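Asks: So the protein sequences, as listed, match chains A and B. Per my numbering, the very first residue in the first sequence carries number 1; after that it's consecutive. Per my numbering, the very first residue in the second sequence carries number 1001; after that it's consecutive. Backbone N, C-alpha and C define an ideal beta-carbon position, used for all residues, glycine too. No experiment lies behind these values; they were computed from the predicted model shown. Below you'll find the structure I mean.
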Amino acid sequence: MSQTAEDRKGSAGIVQPRTFQHPADFLLKCGATLPGFELVYETYGALNETASNAVLICHALSGNHHAAGYHSADDGKPGWWDACIGPGKPIDTDRFFVVSLNNLGGCHGSTGPLTDNPATGTAWGPDFPTVTVSDWVRSQALLADHLGIERFAAVVGGSLGGMQAMQWAIDEPDRLGAAVLIASAARLSAQNIAFNEIARQAILSDPEFHDGHYRARGRNPDMGLMLARMVGHVTYLSDDGMGRKFGREIKSGDIAQGRNVEFQVESYLHYQGRSFSGRFDANTYLLMTYALDYFDPASEYGNDLVAALSGTTCDFCVISFSTDWRFSPARSREITDALMTARKNVVSCEIESEHGHDSFLLPIGRYFDVLGGYFHRLAEGAGIAR
Amino acid sequence: MRADLAIIADLVNPGARVLDLGCGEGELLARLRDDKAVNGYGLEIDPGNITTCIRNGVNVIEQNLDAGLDNFADDSFDMVVMTETLQSVKAPVQMLKEMLRIGRECIVTFPNFGHWRCRAYLATRGRMPVSEHLPHSWYDTPNIHLCTFLDFERLCQAEGFNIIERFVVDAAHANRPLINRFPNFFGTFAFYRLGRPGS
């Protein structure tokens, strides 16, 4: 669907991805060393003279660097969080300089399983080392150095992105003013890990997976990726939301004849799954879900989240959504309670929404009021002019 | 600043840890933060109030008081404040006990149903009093647990809550000699500073 110029009012405009090269060895938490890496990133707005207005956007499981704006004049589809980032939007690019990257291990241009391993001259594939949220934070800090950003006004993320924002607060306390944690958790629950494992098994058991060496054979585990996305997608929506969107509507066939019936919801999931398998790398998907599962900052502090957060100095904004059962409001409340016990500045909201976990990507009125209000306060507090 | 909040602000020590139950737009916490270096949190459920708190840099947490305060540890605050909310919570006694579990002291304010105007209204018209300060009809009022100062003090006595200080004012939040002499008859609002049993 193409957008008119009118629709693009308040857009970050046409943006070009750029590449940051880190030329030196980079030791990962798992013990492996990457011989340098590249990160693809975009920026929106302008960095002010004191470099005090930078905001880092951390993406979720299947996200990438293209958070806002368009890639060309006839590009019909804006970045994944375009509703939230742009002139006059909640994260106002008239005030803030916004940085968004594709994480290490990603499949949209940053160093990852699709990149050649210099030691072998072939793509890393399944041999790309395990990357943790902490590794991402360190690589993002190097990108910040490169951009001349000593301290972010805020680090923001939803879901897995919120975990990165929390890790930033713990690992780099002097380098951010605020951490905005949206629909996130301090660690995944058993149920949440279980859903990730179902998704992984869908990929691993696809005959076209070939132990991760599918590219070398010119194949792709499309069916596995499609199933992974389908199960994921169901968990990102709510029962009510799906009921309202699809109900029992039938796309084709006739129940009376009892055969070859396709419900709208099935058709939708097939479409989502197929489209995903065409644009996402299976090894990256596995890597991202492991990063999600292993994230648990409290584990390094005797399983005490309060202790893990006690060294943080930034302010926190914690947002959850009423029908999100994958990253439920209770998980956000755990974070908020720990922050209050640790005597940190925190605001916390539970937004009414029928859209489940996906809510964090949607322009929900109250959600954007809260985010816009928070960033307004950040700008006023830090003396960031328009 | 609302006059009642100014009275409360005077009762809070500098640097205290304050929890404000039903913090509204966060005026009290903002004032305590600016004037007394108070690190406080406010609980609120109204979305508009919450956004206003956020825009004013007040630590606001979306939480329904009637769902309990289990998430707060014993002794985690110096002072727990609840302004004009006691009369609308489901379980006021439990709420007061919780406030004194979480905080060493608490401040509670509420309107006096024993004020002479209420008494006169009921006596002369035979109907539930409706006034400027209690503007709701009986069927749509959020004030489901109205009481008089006398009622409240009887409760404190029965539960062993220690009344450290009491401050009674008129509708304009001013204190007058007549009010001090007959608080339960002439007082409109009261501020009670409570301590734990035996404190």
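Any residues in the region 1057-1084 of chain B with a beta carbon nearer than 9 Å to a beta carbon of chain A? Which ones, in chain order?
Replies: G1057, V1058, N1059, V1060, I1061, E1062, Q1063, N1071, F1072, A1073 and S1076
Asks: Using alpha carbons as the reference points, say which of B/S1199, B/G1126, B/H1115 and B/C1147 lies closest to B/R1104.
Replies: Within the second sequence, the letter at position 104 stands for residue 1104 of chain B. The shortest C-alpha separation from B/R1104 is found at B/S1199.
Asks: Would you mind stating whether A/D315 and A/G177 have Cβ atoms separated by less than 8 Å?
Replies: The residue labelled residue 315 of chain A in the question sits at position 315 within the first sequence. The residue labelled residue 177 of chain A in the question sits at position 177 within the first sequence. Yes, the Cβ-Cβ distance between A/D315 and A/G177 is below 8 Å.
Asks: Does A/S139 pass the burial test, meaning 16 or more other C-beta atoms within 10 Å, or should it be called exposed?
Replies: Position 139 of the first sequence, counting from 1, holds the residue named residue 139 of chain A. Buried: at least 16 other Cβ atoms inside 10 Å.
Asks: Which first and last residues belong to the alpha helix (DSSP H) in which A/T284 is found?
Replies: Here residue 284 of chain A refers to the residue found at position 284 of the first sequence. From DSSP, the alpha helix (DSSP H) with A/T284 extends over A282 to Y294.
Asks: Of the residues B/D1070, B/C1156, B/G1026 and B/L1155, which one's Cα is nearest the Cα of B/C1053?
Replies: Within the second sequence, numbered from 1, the residue matching residue 1053 of chain B stands at position 53. Closest option to B/C1053, Cα to Cα, is B/G1026.
Asks: Rounded to a whole number of angstroms, what is the C-alpha to C-alpha distance between A/F152 and A/A83?
Replies: Within the first sequence, residue 152 of chain A is the residue found at index 152, counting from 1. Within the first sequence, residue 83 of chain A is the residue found at index 83, counting from 1. If I take the Cα positions, the gap works out to 21 Å.
Asks: What are the start and end residues of each continuous beta strand (DSSP E) run of 3 or more residues lying completely inside the region 14-101 of chain A, in chain order?
Replies: 18-27, 33-44, 54-58 and 97-101
Asks: For B/L1134, which residues from the same chain have a beta carbon less than 7 Å from its beta carbon, with the 5 sequence-adjacent residues on both sides left out?
Replies: Within the second sequence, the letter at position 134 stands for residue 1134 of chain B. The answer, listed in chain order, is P1111 and N1143.
Asks: Beta-carbon separation of B/V1168 and B/V1081 under 8 Å?
Replies: Reading the second sequence from its first residue, position 168 is the one you call residue 1168 of chain B. Reading the second sequence from its first residue, position 81 is the one you call residue 1081 of chain B. For B/V1168 and B/V1081, no; Cβs fall outside 8 Å.
Asks: Is there a Cβ of chain A sitting closer than 8 Å to that of B/Y1192, yes or no?
Replies: Counting from 1 along the second sequence, the entry for residue 1192 of chain B is found at position 192. By this cut-off, B/Y1192 is not an interface position.
Asks: Got a sec, what are the start and stop residues for the alpha helix (DSSP H) B/P1183 sits in?
Replies: As a first step, residue 1183 of chain B must be located in the second sequence, where it is residue number 183. If you look at B/P1183, you'll find it in the alpha helix (DSSP H) that goes P1183 to F1186.
Asks: Does the CB of A/H355 have a neighbour CB from chain B at under 8 Å?
Replies: Counted from its first residue, the first sequence places residue 355 of chain A at position 355. A/H355 does not count as touching chain B.
Asks: Determine whether the Cβ of B/N1039 lies closer than 8 Å to any Cβ atom of chain A.
Replies: As a first step, residue 1039 of chain B must be located in the second sequence, where it is residue number 39. At a cut-off of 8 Å, the C-beta of B/N1039 has a neighbouring C-beta in chain A.
Asks: What residue range is occupied by the uninterrupted beta strand (DSSP E) comprising B/F1149?
Replies: To locate residue 1149 of chain B, count along the second sequence from 1; it is residue 149. Counting along the chain, B/F1149 falls outside any beta strand (DSSP E), though it belongs to the alpha helix (DSSP H) covering F1149 to E1159.
Asks: Spell out whether any CB of chain A is found under 8 Å from the CB atom of B/P1092.
Replies: The sequence position of residue 1092 of chain B within the second sequence is 92, counting from 1. Interface annotation, B/P1092: not in contact with chain A, CB-CB separation never under 8 Å.
Asks: Mark B/K1090 as exposed unless 16 or more other C-beta atoms lie within 10 angstroms of its C-beta, in which case mark it buried.
Replies: The sequence position of residue 1090 of chain B within the second sequence is 90, counting from 1. Exposed is the call here.
Asks: Okay, do the region 121-135 of chain A and the region 161-173 of chain A touch, 3+ Cβ pairs below 8 Å being the bar?
Replies: yes
Asks: Which one of B/P1129, B/V1058, B/G1048 and B/A1067 has the shortest CA to CA distance from B/L1032?
Replies: Within the second sequence, numbered from 1, the residue matching residue 1032 of chain B stands at position 32. Nearest option by C-alpha distance: B/V1058.
Asks: Figure out for me which residue from B/A1030, B/I1163, B/G1042 and B/L1122 has the closest Cα to the Cα of B/L1100.
Replies: Residue 1100 of chain B sits at position 100 when you count from the first residue of the second sequence. Across the set B/A1030, B/I1163, B/G1042 and B/L1122, the C-alpha of B/I1163 shows the shortest separation from the C-alpha of B/L1100.
Asks: For the alpha helix (DSSP H) that contains B/I968, what are its first and last residues?
Replies: The question about residue 968 of chain B has no answer, for chain B in this structure spans 1001 to 1199.
Asks: What three-state label does DSSP hand A/F327 in the structure shown?
Replies: Walking along the first sequence from the start, residue 327 of chain A turns up at place 327. In this structure, A/F327 counts as coil in the three-state DSSP scheme.
Asks: At a Cβ threshold of 8 Å, is B/I1054 touching chain A?
Replies: Taking the first residue of the second sequence as position 1, residue 1054 of chain B is located at position 54. Yes, B/I1054 counts as interfacial toward chain A.
Asks: Tell me the DSSP bridge mates of B/N1162?
Replies: Looking up residue 1162 of chain B in the second sequence gives position 162. B/G1195.
Asks: Comparing the C-beta of B/I1102 with each C-beta of chain A, is any distance below 8 Å?
Replies: As a first step, residue 1102 of chain B is located in the second sequence; it is residue number 102 there, counting from the start. No - not a single Cβ of chain A is within 8 Å of the one on B/I1102.
Asks: Contact criterion: CB-CB distance below 8 Å. Does A/A342 meet it with respect to chain B?
Replies: Residue 342 of chain A sits at position 342 when you count from the first residue of the first sequence. It does not: the Cβ of A/A342 has no partner Cβ on chain B nearer than 8 Å.
Asks: So, is B/Q1201 buried or exposed, given that buried needs 16 or more other C-beta atoms within 10 angstroms?
Replies: Within the shown structure, residues of chain B are numbered from 1001 to 1199, placing residue 1201 of chain B beyond reach of any answer.
Asks: Thinking C-beta only, is A/H355 closer than 8 Å to A/L237?
Replies: Position 237 of the first sequence holds residue 237 of chain A. Position 355 of the first sequence holds residue 355 of chain A. Yes, Cβ-Cβ distance for A/L237 and A/H355 is below 8 Å.
Asks: Leaving aside the five residues before and after B/C1156 along the sequence, list all residues of the same chain whose C-beta is less than 6 Å from its C-beta, in chain order.
Replies: Here the question's residue 1156 of chain B lines up with position 156 in the second sequence. Excluding positions up to five away in sequence, the list reads I1163.
Asks: Quick check on A/V156 - is its C-beta less than 8 Å from some C-beta in chain B?
Replies: The sequence position of residue 156 of chain A within the first sequence is 156, counting from 1. A/V156 does not count as touching chain B.
Asks: Using beta-carbon positions only, say whether A/S100 and A/E42 come within less than 8 Å of one another.
Replies: Translated into the one-based positions of the first sequence, residue 100 of chain A becomes position 100. Translated into the one-based positions of the first sequence, residue 42 of chain A becomes position 42. With contacts defined by Cβ atoms closer than 8 Å, A/S100 and A/E42 form a contacting pair.
Asks: Check the Cβ of B/P1047 against every Cβ in chain A and list those closer than 7 Å, keeping chain order.
Replies: Counted from its first residue, the second sequence places residue 1047 of chain B at position 47. Per Cβ cutoff of 7 Å: R366.
Asks: Between the C-alpha atoms of A/D281 and A/C317, what's the straight-line distance to the nearest angstrom?
Replies: By one-based count along the first sequence, residue 281 of chain A stands at place 281. By one-based count along the first sequence, residue 317 of chain A stands at place 317. Rounded to whole angstroms, A/D281 to A/C317 spans 32 Å at the Cα level.
Asks: Can you check which of these residues, B/G1024, B/L1065 and B/G1068, is closest to B/N1056 by C-alpha distance?
Replies: To locate residue 1056 of chain B, count along the second sequence from 1; it is residue 56. Selected option, being the one with the closest Cα: B/G1024.
Asks: DSSP three-state label for B/V1060, please.
Replies: Taking the second sequence and counting its residues from 1, one reaches residue 1060 of chain B at position 60. Residue state, collapsed to three classes: strand.
Asks: Taking the straight line between their C-alpha atoms, what separation do you get for A/R259 and A/A119?
Replies: What you label residue 259 of chain A is simply residue 259 of the first sequence in a count that begins at 1. What you label residue 119 of chain A is simply residue 119 of the first sequence in a count that begins at 1. Each residue's alpha carbon lies about 54 Å from the other.
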